[in-house]
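Engineer: Those protein sequence lines, which keep their order, are chains H and A.
Those letters in the first sequence? Residues 1 to 458, by our numbering.
Those letters in the second sequence? Residues 1 to 195, by our numbering.
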Amino acid sequence: MGRTLAEKVWEQHVVRRAEGEPDLLYIDLHLIHEVTSPQAFDGLRMAGRPIRRPELTIATEDHNVPTVRGPISDPVSRVQVETLRKNCAEFGVRLYPMGDAGQGVVHIIGPQFGLTQPGMTIVCGDSHTSTHGAFGGIAFGIGTSEVEHVLATQTLPAYRPKTMAIEVSGTLPAGVTAKDLILAIIAKIGTGGGQGYIVEYRGEAIRALSMEGRMTVCNMSIEAGARAGMIAPDETTLEYLKGRPHAPAGADWDAAVEYWKTLTSDEDAVFDTVVEIDATTLTPFVTWGTNPGQGAPLGASVPDPQDTDDPAAAARALEYMGLAAGTPLRDVRVDTVFVGSCTNGRLEDLRAVADVLRGRQVVTRTLIVPGSMLVKLQAEQEGLHEVFKAAGAEWREAGCSMCLGMNPDTLAPGERSASTSNRNFEGRQGKGGRTHLVSPQVAAATAVTGKLTAPADL
Amino acid sequence: MDAFTTHTGRAVPLRRGNVDTDQIIPAVWLKQVSRTGFEKGLFSAWREDPAFVLNNPAYEGASILVAGPDFGTGSSREHAVWALQQYGFRVVIAARFGDIFRNNSTKMGLLPVVLPAAVVEALQSAVEADPSLEVTVDLEGRQVRWGGEAVGFEIDDYTRWRLMEGLDDIGLTLRNADDVTVYENGRQPWLPTTV
Ligand code: SF4
Numbered sequence: 001m002g003r004t005l006a007e008k009v010w011e012q013h014v015v016r017r018a019e020g021e022p023d024l025l026y027i028d029l030h031l032i033h034e035v036t037s038p039q040a041f042d043g044l045r046m047a048g049r050p051i052r053r054p055e056l057t058i059a060t061e062d063h064n065v066p067t068v069r070g071p072i073s074d075p076v077s078r079v080q081v082e083t084l085r086k087n088c089a090e091f092g093v094r095l096y097p098m099g100d101a102g103q104g105v106v107h108i109i110g111p112q113f114g115l116t117q118p119g120m121t122i123v124c125g126d127s128h129t130s131t132h133g134a135f136g137g138i139a140f141g142i143g144t145s146e147v148e149h150v151l152a153t154q155t156l157p158a159y160r161p162k163t164m165a166i167e168v169s170g171t172l173p174a175g176v177t178a179k180d181l182i183l184a185i186i187a188k189i190g191t192g193g194g195q196g197y198i199v200e201y202r203g204e205a206i207r208a209l210s211m212e213g214r215m216t217v218c219n220m221s222i223e224a225g226a227r228a229g230m231i232a233p234d235e236t237t238l239e240y241l242k243g244r245p246h247a248p249a250g251a252d253w254d255a256a257v258e259y260w261k262t263l264t265s266d267e268d269a270v271f272d273t274v275v276e277i278d279a280t281t282l283t284p285f286v287t288w289g290t291n292p293g294q295g296a297p298l299g300a301s302v303p304d305p306q307d308t309d310d311p312a313a314a315a316r317a318l319e320y321m322g323l324a325a326g327t328p329l330r331d332v333r334v335d336t337v338f339v340g341s342c343t344n345g346r347l348e349d350l351r352a353v354a355d356v357l358r359g360r361q362v363v364t365r366t367l368i369v370p371g372s373m374l375v376k377l378q379a380e381q382e383g384l385h386e387v388f389k390a391a392g393a394e395w396r397e398a399g400c401s402m403c404l405g406m407n408p409d410t411l412a413p414g415e416r417s418a419s420t421s422n423r424n425f426e427g428r429q430g431k432g433g434r435t436h437l438v439s440p441q442v443a444a445a446t447a448v449t450g451k452l453t454a455p456a457d458l
Numbered sequence: 001m002d003a004f005t006t007h008t009g010r011a012v013p014l015r016r017g018n019v020d021t022d023q024i025i026p027a028v029w030l031k032q033v034s035r036t037g038f039e040k041g042l043f044s045a046w047r048e049d050p051a052f053v054l055n056n057p058a059y060e061g062a063s064i065l066v067a068g069p070d071f072g073t074g075s076s077r078e079h080a081v082w083a084l085q086q087y088g089f090r091v092v093i094a095a096r097f098g099d100i101f102r103n104n105s106t107k108m109g110l111l112p113v114v115l116p117a118a119v120v121e122a123l124q125s126a127v128e129a130d131p132s133l134e135v136t137v138d139l140e141g142r143q144v145r146w147g148g149e150a151v152g153f154e155i156d157d158y159t160r161w162r163l164m165e166g167l168d169d170i171g172l173t174l175r176n177a178d179d180v181t182v183y184e185n186g187r188q189p190w191l192p193t194t195v
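1) Once DSSP output is grouped into helix, strand and coil, what is the label at Tyr159 (chain H)?
2) Report yes if the C-beta distance between Val339 (chain H) and Ile368 (chain H) is below 8 Å; otherwise report no.
3) My parser needs the beta strand (DSSP E) runs of 3 or more residues fully inside the region 110-136 of chain A; what are they?
4) Alpha carbon to alpha carbon, how far is Trp395 (chain H) from Gln429 (chain H)?
5) Helix, strand or coil for Cys400 (chain H)? Go by DSSP, reduced to three states.
6) Select from H:Gly114, H:Glu380, H:Ser130 and H:Ala325 the residue whose C-alpha is nearest the C-alpha of Glu223 (chain H).
7) Whose CA, out of H:Ile58, H:His33 and H:Gly2, lies closest to the CA of Ile27 (chain H)?
8) Would you kindly work out how many angstroms separate the C-alpha atoms of Val362 (chain H) and Pro440 (chain H), rounded to a whole number?
9) Does DSSP put Gly136 (chain H) in a helix, in a strand, or in coil?
10) Could you tell me whether any non-hydrogen atom of the ligand SF4 is closer than 7 Å to the CB of Cys342 (chain H)?
11) According to DSSP, what are the bridge partners of Gln143 (chain A)?
12) Return the first residue and the last residue of the beta strand (DSSP E) that Phe285 (chain H) is part of.
13) Is it true that the CB of Ile198 (chain H) sits closer than 8 Å to the CB of Thr163 (chain H)?
14) Does the beta carbon of Val91 (chain A) fall short of 7 Å from some heavy atom of the ligand SF4?
15) Which class does Asp20 (chain A) belong to by DSSP, given the choice of helix, strand or coil?
16) On the three-state DSSP scale, how would you describe Thr366 (chain H)?
17) Shortest alpha-carbon distance to Gly229 (chain H) belongs to which of H:His30, H:Pro284, H:Glu200 and H:Ser265?
18) Does at least one heavy atom of the ligand SF4 sit under 7 Å from the Cβ of Leu404 (chain H)?
19) To be precise: take each residue of the region 146-176 of chain A, compare its Cβ to all Cβ atoms of chain H, and keep it if any distance is under 8 Å. Which residues remain?
20) So, helix, strand or coil for Gly322 (chain H), using DSSP?
21) How many Å lie between Gly88 (chain A) and Ala47 (chain H) at the Cα?
22) Are there any heavy atoms of the ligand SF4 lying less than 7 Å away from the beta-carbon of Val106 (chain H), as far as the coordinates show?
23) Checking contacts by CB at 8 Å: is Val120 (chain A) closer than that to chain C?
24) Note down the Cα distance separating Asp42 (chain H) from Thr83 (chain H), rounded to an integer number of angstroms.
25) Which chain H residues sit within Cβ distance under 8 Å of Gln23 (chain A)?
26) Taking 6 Å as the limit between beta carbons, can you name the residues of its chain near Ser76 (chain A), skipping five residues before and five after?
27) Give the residues from the region 32-52 of chain A that approach chain H closer than 8 Å (Cβ to any Cβ), ordered along the chain.
28) Going by the beta-carbon positions, is the gap between Val217 (chain H) and Ile182 (chain H) smaller than 8 Å?
29) Given a cut-off of 8 Å on the beta-carbon distance, is the pair Gly98 (chain A) and Gly225 (chain H) in contact?
30) Roughly how many angstroms separate the alpha carbons of Thr181 (chain A) and Gly414 (chain H), rounded to a whole number?
31) Count the other CB atoms within 10 Å of the CB of Pro112 (chain A); is the residue buried (16 or more) or exposed (fewer)?
32) Here's the rule I'm using: 16 or more other beta-carbon atoms within 10 Å means buried, otherwise exposed. How should Asn185 (chain A) be labelled?
33) Got a sec, what are the start and stop residues for the beta strand (DSSP E) Asp252 (chain H) sits in?
34) Can you name the start and end residues of the beta strand (DSSP E) that Val66 (chain A) belongs to?
35) Distance, Cα to Cα, Val387 (chain H) vs Val353 (chain H)?
36) Going by DSSP, what residues sit across from Lys451 (chain H) in a beta bridge?
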């Protein structure tokens, strides 16, 4: 019987397999940041253990960093960032600190440097590590105990998850983005639908996506409960990778490409579960509730809780969101628009926002936060920042920012946002804040009208 | 981590599904660089509501959390586990758990017990009716018992053994360090390094 892509990559990384034990998996790349690593370094120090392979580890400062120039004003955040610096210096880990041209959100910088490659195993103390699966590797989030484990051993004990294929047939209609697609997928399978699975996204609509769009899709696998999402590498992948600083070059490139070409699910491979989606039926999609599965097409209305799978949860969500059932989503007024995060903070996203904002004015507070310093530089080289500023939006430094509100970029209680990030949980963007997850295009159009809006409505 | 064999204590019913780790401990609490003091952040937004179940004095000192399905979804923050443990919980019972949360729990010795949704609801009703009800979670016998009830649960042998012995995963892996070296010697030379 043939093997799935996930099975091939997994098998390639098994260091040790013993009856009645989880597999011991080798980890090719370990990304760390300031929030989930300090206790892991403490653990190493207490046990007197070194990092086994510091050169397979990379660190950045992203969650706490301010997105306006200058030092970190919150002393607790500052200590956390300084702790990362000390730990990286002590243990010999390459760090991209605030202000460095290579700094950025952890899941943006890996691909941007060419460190994220097909067939690799990649982990990070962050659930959106699934992003890196867009290149055809197995990438998943881990907790701090596991961060320590990887630092000490460059391996992780793990049971192989089941496999799920999400087949997206047809092509996405004009104006429908990778973000709309993944929001629709999560609404369909639910926030727990992917629990225990590695998802492989397949089909015509997936093949047609750019690498940036594929990263947006894989990024939100965890919002459907799946620890990892992946897409088989193809010409689009190779084109993106070629020439990046850490990508193989010369004869190494040829050898790598030869191997990468084997990284597809075999024709006769069998998935444990198959989900089918027809891309041609999709429209811009937004969330109305307090988990990413509580979403609907922008053209729909806020649902009646009785019509949902879990009426009690939906009623609670509407109460928190301050929404009445039956209200057209296009009538929902928004105070703040946030463009950024590891879901939609890449150059392509910023270009899409600029295309909508060009020659228009925003009527909401609008924060545009590039996912990395390199994205910022590239956007400025294209003059996108001028478009943003002319429209009245704020153009910021790179970081996680309002995606989770650990820095000063937060919502006030009751404040409502349209956000290109990935989580609309209660209080995620600031205590009492209300989040609607949207695509960059919808975010930009919403900033122009002050209500949830698609560019086609303008 | 502390070994876990059997635990008996009182239980708190948390009748909500999809309790994500941002609710268990909001991001503002994650700035600490130490491993202690997270109990103050546990459900901190919800605890401001006097009607929230953890504010009910009848459940003070309870050590078993009986939650709705999909407990611990979302962010990978292990701080959620630390907060629950430091608050005094030894066990969380739910019909389904977020994968990363469940993994983090077993690394720390917080026992995640999966029971069918109907059983979880029955247990919630039982502790609502009688908050002083003693519940026993028997990892050795893979069973939860309360009143006259006894319900089995599944957990893989390896994780159970590790929890019962209180073993540290890193120490176990380092026993196989030679296997890691052998594997490393066979890795493709073109795989990237970060330097
Ligand atoms: S941008 Fe948001 S989701 Fe991504 S790593 Fe930062 S906080 Fe996490």
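Glycine is no exception: its CB is placed at the ideal position from the N, C-alpha and C atoms.
Every value quoted in this text rests on a predicted model; they were computed, and no experiment measured them.
Structural biologist: Reading off the structure:
1) coil
2) yes
3) 111-114
4) 18 Å
5) coil
6) H:Ser130
7) H:Ile58
8) 14 Å
9) coil
10) yes
11) A:Asp138 and A:Gly152
12) Phe285 to Thr287
13) yes
14) no
15) strand
16) strand
17) H:Glu200
18) yes
19) Asp156, Asp157, Tyr158, Asp169, Ile170, Leu172, Thr173, Leu174 and Asn176
20) coil
21) 26 Å
22) yes
23) Within the model displayed, chain C is absent; protein chains H and A are what it includes.
24) 10 Å
25) Phe425, Glu426 and Gly427
26) Ile100
27) Gln32, Val33, Ser34, Arg35 and Ala45
28) yes
29) yes
30) 55 Å
31) buried
32) exposed
33) First-last for Asp252 (chain H): Ala251 to Trp260, but that is the alpha helix (DSSP H), not the beta strand (DSSP E).
34) Ile64 to Ala67
35) 9 Å
36) H:Arg333
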